[in-house]
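Trainee:
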Amino acid sequence: MIETLISTIKSHLPFTSSVSDSYMFLSFLFGLAFVFLLRPRSANSVGVYERLYPQARIDVGANTQASHIASRQKEYKTLVSTFYDLVTDFYEYGWSRSFHFAPRKTNEPFQDSLLRLENVLATSLNIDDNSKVLDVGCGVGGPMRNIHRMTKSDITGVTINQYQVDKGNRYCREEGIAEKTRSVIGDFQNLESKFSKNEFDACYEIEATCHSPNKIQTYSQVAHVLKKGGIFAGYEWVVLPSPHGNYDSEKEDDVRIKEGIEVGNGLPTLSTPAEVKDALEKAGFEVLTFEDANIEMHKPGNIPWYSTLAGEYKSISGFRMTPLGRALTHVMVSMLEFVRIAPKGSARVSNILNRTAEDLVEGGQREIFTPSWFFVARKI
């Protein structure tokens with residue numbers, strides 16, 4: 005069943021296994037240049053973003069101070085929307101239209117692992133062609149369209165970023181499913197201003213509510229628009245203190261990695277699993293499933309979620325994610341900026357993403373962070 009779904013959905017993806025690695029890499033490079041020609045970007049956006057992380061990578065621990073976290077929480081709309089103005093194109097051309105990680109089996113293609121994670125989520129929602137579903141923080145709608153194909157359900161995606169709304173709706177039209185899937189502008193801290201009470205049969209988020217400045221408020225807003233007994237499921241980014249992992253807030257190196265992940269991904273601050281569960285329960289949910297989807301990543305038969313970011317030298321598609329491959333891509337972006345094809349600040353964005361890739365890999369290797377803490381909760 006899942007193999008058939010994956011085969012069908014892969015035909016709609018920008019990159020597939022039938023395309024050669026060389027062509028994929030050239031498509032990435034020339035596509036990146038082409039998108040810069042189409043997409044204006046404010047020269048001030050990078051500065052606005054960096055202002056919210058004033059001591060990032062300079063003074064370890066500074067951005068974990070309560071005052072700095074409070075500043076980012078207060079300005080979360082600017083933080084998150086500016087972040088996705090800057091990185092959406094990089095994400096699409098360097099990753100996929102599904103902006104998330106996934107557990108992966110040995111010999112499993114990268115795109116298949118993303119689809120398998122989305123299938124697990126869709127199955128947990130208990131939805132079908134009569135269901136009305138909300139995607140909380142939908143990006144450009146890759147998972148939304150895939151989950152629609154798996155379930156035939158009607159899905160609305162909400163994102164705080166207008167550029168993502170425009171791109172997501174264009175993809176829905178191009179793929180002929182705009183009647184059943186669409187993106188709308190909105191804030192998951194205030195869903196009640198956009199949707200009616202008890203409007204949806206199910207809700208989900210995939211690595212999106214990590215951007216929330218207040219998870220109790222976010223989850224409460226989800227509960228407001230979800231029908232009683234409806235399922236809310238998702239994958240959260242969390243640090244992993246004992247007994248879940250090795251994160252220690254007293255260790256400078258652990259804090260360095262945590263802050264590096266935050267500054268490179270537009271996060272006010274990372275939560276712990278306990279904080280996520282507490283927020284779900286205070287928002288009116290009964291937590292049914294609560295576990296790290298990557299718990300077996302270092303066991304035989306599995307490929308760690310961070311392996312794609314680490315890259316590998318066996319193929320060109322893998323090479324572009326290695327430190328050397330990312331460095332070469334950064335050089336290209338710098339050249340495009342120099343000749344004014346890429347807007348001013350593009351190289352700084354590339355550098356932010358390259359450095360946070362290293363933090364994510366290190367966080368995964370040391371088991372102090374996971375992007376895939378899976379929860380399934382029922383509205384009481």
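Position in the sequence shown (from 1) plus 4 gives the number in my numbering. From the three backbone atoms N, C-alpha and C, an ideal C-beta is built for every residue, glycine too.
1. Closer than 8 Å to a non-hydrogen atom of the ligand SAM - does that hold for the CB of G368?
2. Who are the Cβ neighbours of K156 in its own chain at under 8 Å, not counting the five residues just before and after it?
3. Among the residues of its own chain, which have a CB less than 6 Å from the CB of F103, if the five just before and after it don't count?
4. Taking 9 Å as the threshold (C-beta atoms), are G367 and I261 in contact?
5. Which full runs of the beta strand (DSSP E) of 3+ residues lie inside the region 171-195, going along the chain?
6. Among residues of its own chain, excluding the 5 on either side of A212, which ones have a beta-carbon nearer than 7 Å to its beta-carbon?
7. Excluding sequence positions up to five away, which residues of its chain have a Cβ less than 6 Å from the Cβ of L284?
8. Of the choices E295, V259, L119, whose alpha-carbon is the least far from that of E240?
9. Rounded to whole angstroms, what is the Cα-Cα separation between L228 and S197?
10. Based on Cα-Cα distance, which residue from K348, E371, Y53 lies nearest to P247?
11. Between the region 261-279 and the region 350-368, can you find at least three pairs of beta-carbon atoms closer than 8 Å?
12. Under 8 Å Cβ to Cβ from W309, same chain only, skipping five residues before and after it: list those, please.
13. Do I307 and T110 have their beta-carbon atoms positioned less than 9 Å apart in this structure?
14. Would you mind stating whether K281 and D191 have Cβ atoms separated by less than 9 Å?
15. Per DSSP, S275 forms a beta bridge with which residues?
16. DSSP state of N298, grouped into three classes?
17. Rounded to whole angstroms, what is the Cα-Cα separation between W99 and S253?
18. Suppose the cutoff is 6 Å on Cβ atoms and the five residues either side in sequence are ignored; what does the same chain contact list for F199 look like?
19. DSSP three-state label for Y57, please.
20. Who are the Cβ neighbours of K171 in its own chain at under 6 Å, not counting the five residues just before and after it?
21. At which residues does the beta strand (DSSP E) containing Y208 begin and terminate?
22. Let me know if V259 comes out buried or exposed under the rule of 16 or more other beta-carbons within 10 Å of its beta-carbon.
23. In whole angstroms, give me the CA-to-CA distance for V242 and A351.
24. Give me the Cβ distance between D158 and S128, rounded to the nearest whole Å; I'm assuming they're in contact under 8 Å.
25. Go through its chain and collect everything with a Cβ distance to G65's Cβ below 8 Å, but skip five positions before and after it.
26. Closest by CA to Q77, which one among Q193, P327, V188, E122?
27. Closest by CA to S354, which one among Q225, G249, H334?
28. By Cβ distance below 7 Å, which residues in the same chain neighbour L313 in space, the five residues on each side in sequence not counted?
29. Determine the direct distance from the alpha carbon of P245 to that of V188, and round the result to whole angstroms.
30. Around the Cβ of S71, are there at least 16 other Cβ atoms within 10 angstroms (buried) or fewer (exposed)?
31. Is A182 closer than 9 Å to A206 when the C-beta atoms are compared?
32. Out of R153, N358, F114, point me to the one whose CA is closest to L332's CA.
33. If contacts are defined as beta-carbon pairs under 8 Å, then P147 and I210 qualify, I think. What distance do you get, rounded to the angstrom?
34. With a threshold of 16 other CB atoms inside 10 Å of the CB of Q168, please say whether the residue is buried or exposed.
35. Around the C-beta of Q225, are 16 or more other C-beta atoms found within 10 angstroms, so that it is buried, or is it exposed?
Mentor: This is what the structure gives:
1. This structure lacks the ligand SAM, and indeed carries no ligand of any kind.
2. As a working note, residue 156 is residue 152 in the sequence shown. Closer than 8 Å at the Cβ level, and outside the excluded window around K156, lie D132, D133, K184.
3. Taking the sequence shown and counting its residues from 1, the one referred to as residue 103 is at position 99. Once the five neighbours on either side are set aside, the close Cβ partners of F103 are Y95, G143.
4. The residue labelled residue 261 in the question sits at position 257 within the sequence shown. The residue labelled residue 367 in the question sits at position 363 within the sequence shown. Yes; because the gap between Cβ atoms is below 9 Å, this pair is in contact.
5. Restricted to the region 171-195, the beta strand (DSSP E) segments that are unbroken, complete and at least 3 residues in length are 185-189, listed in chain order.
6. Translated into the one-based positions of the sequence shown, residue 212 becomes position 208. Closer than 7 Å at Cβ, skipping near neighbours: V140, G141.
7. Here residue 284 is taken as the residue at index 280 of the sequence shown, counted from 1. Cβ contact annotation for L284 (same chain, cutoff 6 Å, sequence separation greater than five): Y223, V291, A381, in chain order.
8. The residue you call residue 240 lines up with position 236 of the sequence shown. Closest by alpha carbon: E295.
9. As a first step, residue 228 is located in the sequence shown; it is residue number 224 there, counting from the start. As a first step, residue 197 is located in the sequence shown; it is residue number 193 there, counting from the start. The sequence given here places His at residue 228; Leu does not occur at that position. Roughly 11 Å separates the two Cα atoms.
10. Position 243 of the sequence shown holds residue 247. With respect to the C-alpha of P247, the residue from K348, E371, Y53 having the closest C-alpha is E371.
11. Touching, per the Cβ criterion.
12. By 1-based counting over the sequence shown, the position of residue 309 is 305. Result list for W309: F105, A106, P107, R108, N298, M301, G368, T374, P375, S376, in chain order.
13. The residue given as residue 110 occupies position 106 in the sequence shown. The residue given as residue 307 occupies position 303 in the sequence shown. Cβ atoms of T110 and I307: closer than 9 Å.
14. Residue numbering aside, residue 281 sits at position 277 when the sequence shown is read from its first letter. Residue numbering aside, residue 191 sits at position 187 when the sequence shown is read from its first letter. No, Cβ-Cβ distance for K281 and D191 is not below 9 Å.
15. In the sequence shown, the residue the question calls residue 275 occupies position 271. Secondary-structure assignment with DSSP links S275 through a beta bridge to V242.
16. Taking the first residue of the sequence shown as position 1, residue 298 is located at position 294. In this structure, N298 counts as coil in the three-state DSSP scheme.
17. Here residue 99 refers to the residue found at position 95 of the sequence shown. Here residue 253 refers to the residue found at position 249 of the sequence shown. Approximately 31 Å between the Cα atoms of the pair.
18. Within the sequence shown, the letter at position 195 stands for residue 199. If we look at F199 and ignore the five residues flanking it on each side, its Cβ neighbours are V229.
19. The sequence position of residue 57 within the sequence shown is 53, counting from 1. The three-state reading of DSSP puts Y57 in coil, since its state is none of H, G, I, E or B.
20. Here residue 171 refers to the residue found at position 167 of the sequence shown. Only V144 meet the Cβ criterion.
21. Position 204 of the sequence shown, counted from the start, is the residue given in the question as residue 208. Looking at the DSSP string, the run of the beta strand (DSSP E) that includes Y208 is 204-210.
22. The sequence position of residue 259 within the sequence shown is 255, counting from 1. Around the Cβ of V259, a 10 Å sphere holds 16 or more other Cβ atoms; the residue is buried.
23. Against the sequence shown, residue 242 aligns to sequence position 238. Against the sequence shown, residue 351 aligns to sequence position 347. Each residue's CA atom was taken as its position, placing V242 and A351 some 28 Å apart.
24. On the sequence shown, position 154 is the one that residue 158 refers to. On the sequence shown, position 124 is the one that residue 128 refers to. 18 Å between Cβ atoms; not a contact.
25. By one-based count along the sequence shown, residue 65 stands at place 61. E256, V259, E263, listed in sequence order.
26. Translated into positions along the sequence shown, residue 77 becomes position 73. Relative to the Cα of Q77, the nearest Cα in the group Q193, P327, V188, E122 belongs to Q193.
27. The sequence position of residue 354 within the sequence shown is 350, counting from 1. Nearest of Q225, G249, H334 to S354, Cα basis: H334.
28. Counted from its first residue, the sequence shown places residue 313 at position 309. Excluding positions up to five away in sequence, the list reads M325, A361, L364, V365.
29. Taking the first residue of the sequence shown as 1, we reach residue 188 at position 184. Taking the first residue of the sequence shown as 1, we reach residue 245 at position 241. The alpha-carbon atoms of V188 and P245 are separated by roughly 36 Å.
30. What you label residue 71 is simply residue 67 of the sequence shown in a count that begins at 1. By the neighbour-count rule (16 or more Cβ atoms within 10 Å), S71 is not buried but exposed.
31. By 1-based counting over the sequence shown, the position of residue 206 is 202. By 1-based counting over the sequence shown, the position of residue 182 is 178. Taking 9 Å as the Cβ cut-off, A206 and A182 do not qualify as a contacting pair.
32. In the sequence shown, the residue the question calls residue 332 occupies position 328. Closest in alpha carbon position to L332, among R153, N358, F114, is N358.
33. As a working note, residue 147 is residue 143 in the sequence shown. As a working note, residue 210 is residue 206 in the sequence shown. The beta carbons of P147 and I210 sit about 5 Å from each other, so the pair counts as a contact at 8 Å.
34. Indexing the sequence shown from 1 puts residue 168 at position 164. Answer is buried; the Cβ neighbour count reaches 16.
35. Within the sequence shown, residue 225 is the residue found at index 221, counting from 1. In this structure Q225 is buried. Its beta-carbon is surrounded by 16 or more other beta-carbon atoms within 10 angstroms.
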